[in-house]
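Same order as they appear, the protein sequences are chains A and B.
By full-length UniProt numbering, the letter at position 404 of the first sequence is numbered 404, and the numbering carries on one by one without gaps.
By full-length UniProt numbering, the letter at position 118 of the second sequence is numbered 118, and the numbering carries on one by one without gaps.
In this text, a Cβ means the ideal position worked out from N, Cα and C, and glycines have one as well.
Below is one structure, written out as structure tokens; comments come after it.
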Amino acid sequence: MGIYFKKDILLFWRDRKEVLVALLLPIALTLILGFALPGWVNNSNPSLEMKVALVNQNRHTEGVARFHEQLKGSLLSPDEQDGLVEETAMLDLDPEAMLMGMFRSEDVSRYIEVLQLDHETAYTKLKAGEVTAVITIPETYTLDSLNKLLLNEGDGAALLLTAEEDTTKVSVLQNMLNGLLSTVNYQAALSHAAGSGSDGSTWSAPRTPVGGLERIEGVRMITSFQYFAFAITIFVTLSISITMASKSITEKREKVFTRLLYSGARPMQFQLGKMASTFCIALLQMLVVILLSHVLFQLFPGRPLSFWLGLGIFMVLLCAVVAAFAGLFTAMVFRMKDGDVAVGISFIALILLGVIGGSMVPMYILPDWLMEVGRLTPNGLALTSLIQWIQGTPLQELWLPMLSLGIYTVIIMAAGLWMFPKKGGI
Amino acid sequence: MLETVELRKVFKGKTAVEEVSLYLKEGESVGLIGPNGAGKSTTISMISSLLKPTAGDVRLNGQSVIKHPQQLRKVLGVVPQEIALYEELSSYENLKFFGKVYGLKGKELELKIQELLDMVGLRDRQKELIRTYSGGMKRRINIAVALMHDPKIVIMDEPTVGIDPQSRNHILDTVRHLSREKGTTVLYTSHYMEEVEQLCSRMYIMDHGRIIASGTKEELQLILSGEETLLLRLDRQHAEFTEELQTLAAVRQVEETELGLKLIVTKNHQILSRVVQAAERFDVQILNIHIDSPSLEDVFLHLTGRNLRD
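This is how it looks when you write it as structure tokens:
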């Protein structure tokens, strides 16, 4: 297999046009798209624009009064009760103001419009599809917040989100609200942990999370340059499988492969060599392009070595799929009478994978069903996993896409080996 | 050493090769000639174990190699009609690659590469890419690759197609060298009868998938022993004169040449005077008449009704 591997590496290297395309095209496209569409990824986009109804049923004054009554009936000393009453007065617990503060922030207001409505109107509009969801602030919001915040009792503040369908937009909204509530309840826990003797001034109003998907607490934003660098590189890397397979057209037409058979060589070794060389070329291409892009566009400044190692793992997995594809496409070249037709079919398949897998356009502009399909493609899996990794998702939470890429490799490779004619189609 | 026994190959109901039996003795050069579509390449593919015959057998030293071709592949070198080389690799790299495929390595491989480059006269250009070579140089390397493992039997499928005279001579010398110096058994197919005449001690003539004649040059020429060739040099071509000659009983074949006509005629004392009389009738001037024994080309034409390069 080694001699075939070396031969294929040499043939690819001698084809300077292909080398230049593999290395320069992704960088050039990243440069152009990164500058031309700087906000395409992290700013609002039509697919996320939505109207949301806000129904405020909170009885703030009543909640505070009930809290005071609860204090009187508690085992706390009169001094402690007076202290908590004072704290209550100092707290700014207006959930409506807090939510509106978040929705009016510059980033969120670009794609979420909030309508403050009564309960009946809100649900009528939800049924009519005029709003994506209804956020309800329940009657006991203030009481629950105070119980959690000052007495560490109950589950804390909660908001009610109602939607007709479980769509991406609703998921985005839900993530934002979760972020907001987590912050409120986290602050409550901190305040309580600081001691009941707290004078209340240590508590600050929760920071409002902003920015939708990319700025949910603990999640890094992904920039256009990062997105395009990976999306385009993944596509060009996939195309290496076709480049390598297309070289077999000449090997078949000029009877070089026949000559190998005269020698008694095993066809499977020829194909395994093709896959091994494709893996190495694809991995080298990805590494060079991503590193060059990092230097040119400052993709990941200050990221630790572990981050780069994680990127490397995903690249290795993707390149294994690319190598398997090279084997499959090579088998098609030998199996079909006209090798050019086989390459044409492979290219169409690649374009389809590129489109629905997010390598050509961001996946979220696709219809939901197509987006789901796209996430299942090898390039879609690799791209979403890389994005999640860049955003800070731990590697152990990405085991499923990693496993899926491995399964893809095995299945595609097996298909290629099965399809490869035992005598090379002669 | 190598023989085929009533080889037959049918493709989708169409018979490409029918009852082809031939043999090659150790160290001899044998020609296999026939027009395009005669079944030569199919026969070669079956002999070289790439194509399974529908019927018949291929035997190496008496042992069938149809089911177990490994033994044959070890001793067989095939020079395909196509330039089966990697254009983006140098001749050295091509030879090294195929040498390794044949299991050569180390010093043995290097020595063999240089020996063959010397043999085909391209040692000084071994580092250049094949795509920069002329057609003739490519064909020389094409042959060298087939000789990397020192085969005992070499099958050459039209190795001189479309090349310059210098390379052609080089290739013919290489075949002679293989046969005379190394004792290699050669099966040589070509469109050029003179090549086969020069190189081969025996030959097989194929047409429509069958072997229609075989033997040495002299044996084949005996087919036309009662005939002779008249080469007429004329001042002009004249269709009616040609038609008139075809009606003469002694004339077997008439073929237009660049300078006049070529007739294959039954040996007959009166034929010359009849040809001259016909020329006078059609006012065609005969500038020169050359009488010769029939060549192998004539035998081929006689047997197949076609020229070898049709």
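Three-way DSSP call (helix, strand, coil) for residue i in this model
| i | result |
| --- | --- |
| Val-78(B) | strand |
| Gln-237(B) | coil |
| Lys-6(A) | helix |
| Glu-255(B) | strand |
| Phe-11(B) | strand |
| Val-154(B) | strand |
| Gly-260(B) | strand |
| Ser-246(A) | helix |
| Val-288(A) | helix |
| Ala-158(A) | coil |
| Gln-246(B) | helix |
| residue 316(B) | Residue 316(B) lies beyond the residue range present for chain B, which begins at 1 and ends at 310; the question has no answer from this structure. |
| Ser-214(B) | strand |
| Leu-2(B) | strand |
| Thr-136(A) | strand |
| Ser-45(B) | helix |
| Glu-228(B) | strand |
| Val-131(A) | coil |
| Gln-166(B) | helix |
| Thr-266(B) | strand |
Extent of the continuous beta strand (DSSP E) run through residue i
| i | result |
| --- | --- |
| Ser-21(B) | 14-24 |
| His-290(B) | 286-292 |
| Gly-31(B) | 29-33 |
| Met-206(B) | 202-207 |
| Ile-271(B) | Unbroken run through Ile-271(B) is the alpha helix (DSSP H), 271-281; no beta strand (DSSP E). |
| Leu-126(A) | Looking at the DSSP string, Leu-126(A) is not in any beta strand (DSSP E); the run it does join, the alpha helix (DSSP H), is 119-128. |
| Asn-56(A) | 50-56 |
Proximity test, Cβ basis, 7 Å: residue i and chain A
| i | result |
| --- | --- |
| Val-78(B) | yes |
| Val-75(B) | no |
| Val-101(B) | yes |
| Phe-11(B) | no |
| Phe-97(B) | yes |
| Glu-128(B) | no |
| Glu-88(B) | yes |
| Glu-26(B) | no |
| Ala-84(B) | yes |
Short CB-CB distance (under 7 Å) between residue i and chain B
| i | result |
| --- | --- |
| Leu-11(A) | yes |
| Arg-110(A) | no |
| Lys-255(A) | yes |
| Lys-252(A) | no |
| Lys-337(A) | no |
| residue 451(A) | Residue 451(A) is absent from the structure shown; chain A starts at 1 and stops at 426. |
| Arg-16(A) | no |
| Gly-424(A) | Caution is warranted here: a pLDDT of 42 is assigned to Gly-424(A), below 50, making its placement in the model unreliable, and no coordinate value can be reported. |
| Lys-7(A) | yes |
| Ile-32(A) | no |
| Ile-3(A) | yes |
Unbroken alpha helix (DSSP H) run spanning residue i, endpoints
| i | result |
| --- | --- |
| Ile-390(A) | 378-391 |
| Arg-335(A) | 305-335 |
| Glu-110(B) | 106-119 |
| Tyr-262(A) | 256-262 |
| residue 329(B) | Outside the displayed span of chain B (1 to 310) sits residue 329(B), for which this structure offers no information. |
| Ser-346(A) | 339-356 |
| Arg-266(A) | Run containing Arg-266(A): none; DSSP gives neither H nor E here. |
| Thr-30(A) | 16-36 |
| Val-410(A) | 399-419 |
| Thr-185(B) | Note, Thr-185(B): premise wrong, no alpha helix (DSSP H); beta strand (DSSP E) at 185-189. |
| Ala-84(B) | Note, Ala-84(B): premise wrong, no alpha helix (DSSP H); not H, not E. |
Presumed contact (8 Å Cβ cut-off) between residue i and residue j, rounded CB distance
| i | j | result |
| --- | --- | --- |
| Arg-233(B) | Gly-260(B) | 5 Å |
| Ala-133(A) | Thr-88(A) | 31 Å between Cβ atoms; not a contact. |
| Thr-409(A) | Val-321(A) | 5 Å |
| Leu-177(A) | Leu-150(A) | About 23 Å; that fails the 8 Å criterion. |
| Leu-303(B) | Gln-253(B) | Their Cβ separation, rounded to whole angstroms, is 11 Å, which puts Leu-303(B) and Gln-253(B) out of contact at 8 Å. |
| Ser-385(A) | Ala-231(A) | That belief does not hold up - the Cβ atoms of Ser-385(A) and Ala-231(A) are roughly 13 Å apart, past 8 Å. |
Near-chain B residues of the region 259-277 of chain A - C-beta to any C-beta below 8 Å
Under the 8 Å Cβ criterion, the region 259-277 of chain A contributes Arg-259, Leu-260, Leu-261, Tyr-262, Ser-263, Gly-264, Ala-265.
At a Cβ cut of 7 Å, what residues of the region 58-73 of chain B count as close to chain A, listed as they run along the chain?
Against chain A - using a Cβ distance shorter than 7 Å - the residues of the region 58-73 of chain B are Gln-70, Arg-73.
Beta carbons nearer than 8 Å to chain A: which residues of the region 152-163 of chain B have them?
Answer in chain order: no residues at all.
Using a Cβ-Cβ cut-off of less than 9 Å, list which residues of the region 272-294 of chain B approach chain A; keep chain order.
If you check each beta-carbon in the region 272-294 of chain B against every beta-carbon of chain A, none falls closer than 9 Å.
Give the residues from the region 18-48 of chain B that approach chain A closer than 9 Å (Cβ to any Cβ), ordered along the chain.
Taking 9 Å as the Cβ-Cβ cut-off against chain A, the residues of the region 18-48 of chain B that qualify are Ser-45, Ser-48.
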